[in-house]
Amino acid sequence: MVPVVRPRRLRTTPAMRRLVAETTLAPRQLVLPMFVADGLDDPREISSMPGVVQHTFDSLRRAAAEAVEAGVGGLMLFGVPRTEDKDARGSGADSDDGVLNRALRLLTDDLGDATVLMADTCLDEFTDHGHCGVVDPHGRVDNDATLDRYVSMALAQARSGAHLLGPSGMMDGQVAAIRAALDEAGFADTGILAYAAKYASAFYGPFREAVGSSLEGDRRTYQQDPANRIESLREVRLDLDEGADLVMVKPAMSYLDIVRDVAEIADVPVAAYQISGEYSMITAAAERGWIDRDAAILESLTSIRRAGASIILTYWATEVAQRLG
Ligand code: PBG
Numbered sequence: 318m319v320p321v322v323r324p325r326r327l328r329t330t331p332a333m334r335r336l337v338a339e340t341t342l343a344p345r346q347l348v349l350p351m352f353v354a355d356g357l358d359d360p361r362e363i364s365s366m367p368g369v370v371q372h373t374f375d376s377l378r379r380a381a382a383e384a385v386e387a388g389v390g391g392l393m394l395f396g397v398p399r400t401e402d403k404d405a406r407g408s409g410a411d412s413d414d415g416v417l418n419r420a421l422r423l424l425t426d427d428l429g430d431a432t433v434l435m436a437d438t439c440l441d442e443f444t445d446h447g448h449c450g451v452v453d454p455h456g457r458v459d460n461d462a463t464l465d466r467y468v469s470m471a472l473a474q475a476r477s478g479a480h481l482l483g484p485s486g487m488m489d490g491q492v493a494a495i496r497a498a499l500d501e502a503g504f505a506d507t508g509i510l511a512y513a514a515k516y517a518s519a520f521y522g523p524f525r526e527a528v529g530s531s532l533e534g535d536r537r538t539y540q541q542d543p544a545n546r547i548e549s550l551r552e553v554r555l556d557l558d559e560g561a562d563l564v565m566v567k568p569a570m571s572y573l574d575i576v577r578d579v580a581e582i583a584d585v586p587v588a589a590y591q592i593s594g595e596y597s598m599i600t601a602a603a604e605r606g607w608i609d610r611d612a613a614i615l616e617s618l619t620s621i622r623r624a625g626a627s628i629i630l631t632y633w634a635t636e637v638a639q640r641l642g
């Protein structure tokens with residue numbers, strides 16, 4: 318009789334499974350996205366993301382310290398200005414008094430080089446129309462006029478101490494424009510985490526609440542069509558040519574094929590963003606007792622690592638880092 322081939326032998330005990338695991342997850346690979354809001358007395362719960370808050374400056378500092386203590390690899394900051402401070406050009410984004418730049422300086426003072434401090438380089442939180450760029454008289458997002466705003470924002474963030482800038486607006490040429498401006502201004506060491514492949518996703522829904530977005534309409538003229546795969550390779554190649562130090566795919570879960578494709582062509586670290594909707598779906602199902610929350614979180618993160626991302630942005634970064642020890 319032909320003997321049965323038995324892959325199950327390698328699954329017999331927890332120790333055996335640990336020995337042969339192909340994918341690892343470590344605290345240093347996790348980056349915590351954080352929201353800091355202007356004019357708050359207390360942290361404000363984001364109802365569509367239970368467990369995630371808009372921070373005050375004080376609570377931001379405490380949560381950042383806790384995350385770093387837990388061993389996370391970095392922090393990604395988003396600023397939420399007061400509604401009355403928003404305008405058509407997103408003036409709060411590059412003002413040194415803007416909420417994000419103030420928060421960056423505070424965390425730079427607190428943490429120095431103990432972590433990697435990252436900043437979202439995009440106008441959508443700061444514009445009254447909610448688009449990621451400036452809008453022309455026909456209501457279209459003006460690519461090249463937006464690049465000028467991104468450059469100014471990037472310089473303000475570099476001055477405020479960010480180690481890595483995360484241009485997330487999907488304007489053509491954004492990495493090259495920011496790189497040139499940083500170099501010229503003496504910020505050769507400030508890096509760029511390029512949102513290289515970013516899709517127009519329904520799963521960003523809860524984030525729009527998290528940043529108090531004013532957007533009406535959608536971002537389909539600048540973010541990618543979920544139907545496309547090859548296009549991501551072009552986007553990544555362009556960003557690498559323009560000087561990206563790391564590239565990111567976003568969202569993660571519905572785009573694991575893209576993460577794999579990008580990991581195969583990129584010769585820089587690849588990040589993936591487990592976005593708000595991914596967080597909220599698992600949280601909501603767990604609240605109803607429909608799935609095992611802790612197991613689902615670890616499985617989702619392991620899948621993103623297995624697909625080829627070496628860095629994961631996740632709202633669970635601190636918790637999971639603590640759990641992994
Ligand atoms: C745009 C930006 C978005 C997210 C990060 N940066 C939203 C969007 O493109 O509409 C989404 C993050 C998330 O959903 O967790 N600056």
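So for the sequence shown, my numbering puts the first residue at 318; every next one is plus one. Beta carbons: idealized from backbone N, C-alpha and C, even for Gly. All figures in this text were calculated on a predicted structure; none of them were measured in a lab.
Backbone secondary structure at residue i - three-state DSSP
i: G396; result: strand
i: I592; result: coil
i: Y467; result: helix
i: G404; result: Here the sequence assigns Asp to residue 404, which means Gly is not the residue at that position. D404 falls in the strand class under three-state DSSP.
i: I608; result: coil
i: Y539; result: coil
i: G483; result: strand
i: G409; result: helix
i: D427; result: helix
i: V452; result: strand
i: T341; result: coil
i: T330; result: coil
i: E533; result: coil
i: M318; result: coil
i: D642; result: Here residue 642 turns out to be Gly, not Asp, going by the sequence shown. Correct three-state label for G642: coil.
i: A381; result: helix
i: S617; result: helix
i: S571; result: helix
i: R623; result: helix
i: G522; result: helix
i: R546; result: coil
Residue j beta carbon less than 8 Å from that of residue i
i: R610; j: A603; result: yes
i: G391; j: L434; result: yes
i: A513; j: L482; result: no
i: G447; j: L532; result: yes
i: V576; j: V553; result: no
i: M565; j: Y590; result: yes
i: V416; j: D355; result: yes
i: N418; j: Q346; result: no
i: I592; j: P568; result: yes
i: F443; j: G407; result: yes
i: L464; j: A494; result: yes
i: E526; j: I628; result: no
i: V451; j: A405; result: yes
i: E548; j: Q540; result: no
i: G594; j: P543; result: no
i: A624; j: V348; result: no
i: A420; j: L377; result: yes
i: L630; j: V585; result: no
i: D562; j: I621; result: no
i: L680; j: A381; result: The question about residue 680 has no answer here: the residues shown for the chain are numbered 318 through 642.
i: Q371; j: L357; result: yes
i: D441; j: S530; result: yes
i: A343; j: L618; result: no
i: R536; j: C449; result: yes
i: A334; j: R328; result: According to the sequence shown, residue 334 is Arg rather than Ala. Yes, these two residues count as a Cβ contact at 8 Å.
i: R422; j: G478; result: yes
i: A626; j: A583; result: no
i: V353; j: V528; result: no
i: Y632; j: V369; result: yes
Residue(s) in a DSSP beta bridge with residue i
i: Q371; result: F352, R361
i: L630; result: V348, Y590
i: V564; result: A511, V587
i: D437; result: G483
i: G391; result: V348, V433
i: Y516; result: Q541
i: T444; result: D404
i: V458; result: V452
Cβ-heavy atom distance, residue i to the ligand PBG, below 7 Å
i: R536; result: yes
Distance cut-off 7 Å: residue i Cβ against heavy atoms of the ligand GTP
i: P320; result: With respect to small molecules bound, the structure shown includes the ligand PBG and not the ligand GTP.
Requested in this report: Pull every residue with its beta-carbon under 5 Å away from any heavy atom of the ligand PBG, and keep them in chain order.
Outcome: Those residues placing their Cβ nearer than 5 Å to any heavy atom of the ligand PBG are, following chain order, C439, D441, S485, Y521, F524, I592, S593.
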